[in-house]
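What follows is a short report on a single structure.
As C-alpha cells, this is what we get:
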C-alpha cells in the first residue's frame, strides 16, 4: 500500500504549502512532490522535515535527504548553534526554511499537501488504556458490513479491515497518516476507525485529522516510562476530546475519566454515553447501556437499551469488557446514522480481534484464552471475566516487558495471584533488561509462593500450563496477544503465543 501513497495529492508549490505559517513570503514557485520526516524515504522533489527527536535532531540527516533529491529542508525556527552550522552548509544545495513551532504546524501542512482527505471521509478516533484495538476493529468490521468497505489504523496494522499492512506504531507519524487518508479516499473508502495512542497525541501524530467521533474506552495506569505520571498520561489522552468542539464524543461513563470528560464537555460537544449504569448514561440524551448480562461458554447475551430503542443481543465475544467495547461501537454506528436494527445485526456479527480475549478449545483439553493484557487493570479484567466462563481452575501465564514501567510489575503479580488459582511467571519481551531481574521485580507482588511457578522459557511455560490443566480448567496467556516475536536483547525472535498454544492443544488451523 505504502508505495502507492506518494502521488496521492494535487500539484502544490513550496510557497503554497507554507502560506499562512508565519514564514517568509519570498519563496520560489517550486513544485513539491512529497513530504518526508525520514531521510530514507526522500525522493526527487521532496521536502524534508527536520524535527528535533528524543535522541538527535533531524537536521543531522538533512545532507542525506538532499543527496536523495530533497529540494527543501524545513526546521524549527528555534534552533541552537549546532543546527545553524548544519544549515549554513546546506543552504547552497537546497532551500532551507525555518518554521516557527514546526511540529505543531506539520499536521496543517500535511493536510494541505494531501488535499484535506480526512474532511472527505468519516473518521473515528479511539483512545484509552485498554480496548483501543478491539473497539477500532469492531467499528471497522461493522462499517464494512454496512458500506462494503472500511479501513482501520492501529496496532495490528493499517488498511482495509480484511487486508491490513503491518504497522510499526499504533498511531503513524503525521505525514504517513495523512497519506493513508488520501489513499483511502482514492480507493473509495469512506469510513476509517483508528487507534489514537497517548504517545501519538503527545507527539501530535494525529494533528490535522478531522475526527468526526472520538471514543474513550477507559483510563488506568500505563506508559509511565514515557509520560512520567498518571496525570501527564491523562492530559495526553484528553487532547483527542478537547481539541475540537465539532466532533461527537463517545464516553464510557462508568470510567472516572469518562465522567470527568462528560462534566467538562457536556455543554460543548454532542456526547454519547455508554456503560452498565442506567442512571449514569441517562445524564445525556444520547446513550446506550446493557442489562441482564449472561456469560456463556462461547459468548455473551444481554439486553441493549438506548435512546434509540432496545433489543436482546448475543455477541460471539467473551469477557464483560467486550460488552463495553460492543456498546462503544454501537454508539459510533448510531452517530453515523445507521438504523438501530441494522446496528444490532452488525454488532451480533462482530468477531474476536487476534490476541484479544481469543478463545481456543479442543475436546478433552483445557480452554485457552490469549490476550494482550499487559497492565494491572487489563490483567485483572481478563482474569475476572474468564472466571465466568469456566467451571474449574484458572491458570495465568504472564510476564512483563523490559525497559518499560517497572512500577507495574508487582501490581501485575498481585492481580494474577488474587484472581487465578496458579500463576506461571515467564518472559515477555525482556529487551535489554535481565530476565531474572524482571522476574524478581514481579515476584515482589506475590504473597503465597505455593501458587507460583517460574519458567523463563515462554514456550515451556505455555506448554506446562496447558498440559497440567484439566478439561474443566482455563489457561489465560497474557501480555503479548497478537505479537509474532519476542524481543530479547536487541534481537527480534519469531514467537507466537497462539502458535504454541494451538500446537499444545492439538488444534490445527
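Residue numbers (the UniProt record's numbering): 1 to 509. Beta carbons are placed, not taken as given, at the ideal position from N, Cα and C, and that holds for glycine.
Query: If you run the structure through DSSP and keep just helix, strand and coil, what is residue 299?; Result: strand
Query: Are there three or more Cβ pairs, one per stretch, closer than 8 Å when the segment 456–463 is compared with the segment 372–386?; Result: no
Query: On the criterion of 16 or more Cβ atoms from any shown chain inside 10 Å, does residue 344 qualify as buried, or is it exposed?; Result: buried
Query: When DSSP builds the beta bridges, which residues end up paired with residue 138?; Result: DSSP lists no partner for residue 138.
Query: With DSSP as the reference, please indicate the residues paired to residue 441 in a beta bridge.; Result: Answer by DSSP bridge pairing: none, since residue 441 is not bridged.
Query: Where residue 181 and residue 237 are concerned, what is the direct C-alpha to C-alpha distance, given to the nearest angstrom?; Result: 22 Å
Query: Could you tell me whether the Cβ atoms of residue 250 and residue 193 are closer together than 8 Å?; Result: no
Query: With respect to the alpha helix (DSSP H) encompassing residue 329, which residues constitute its N-terminal and C-terminal limits?; Result: 321–335
Query: Taking the continuous alpha helix (DSSP H) assigned at residue 199, which residues delimit it?; Result: 198–202
Query: Mark residue 510 as exposed unless 16 or more other C-beta atoms lie within 10 angstroms of its C-beta, in which case mark it buried.; Result: Here the chain covers residues 1 to 509 and nothing more, so residue 510 does not appear.
Query: Helix or strand or just coil, what does DSSP make of residue 492?; Result: strand
Query: Would you list the residues sitting across from residue 476 in a DSSP beta bridge?; Result: 369, 396
Query: In whole angstroms, what separates the C-alpha of residue 293 from that of residue 491?; Result: 45 Å
Query: What are the partner residues of residue 12, as DSSP defines its beta bridges?; Result: 32
Query: Check the C-beta distance from residue 392 over to residue 371 and give it rounded, since I have them as a contact under 8 Å.; Result: No, residue 392 and residue 371 are not in contact; Cβ-Cβ is about 19 Å, not under 8 Å.
Query: Out of curiosity, what's the CA-to-CA distance linking residue 144 and residue 163?; Result: 12 Å
Query: Under the assumption that residue 155 contacts residue 200 (Cβ atoms under 8 Å), give the Cβ distance between them as a whole number of angstroms.; Result: Not quite, the Cβ-Cβ distance comes to about 11 Å (not below 8 Å), so this is no contact.
Query: Given this structure, state the Cα-to-Cα distance separating residue 16 from residue 74, to the nearest angstrom.; Result: 14 Å
Query: Does DSSP put residue 107 in a helix, a strand or coil?; Result: helix
Query: Measuring only the C-alpha atoms, how far is residue 363 from residue 369?; Result: 15 Å
Query: Just confirm the distance between the C-beta atoms of residue 30 and residue 13, as a whole number of angstroms; I'd bet it's less than 8 Å.; Result: 6 Å
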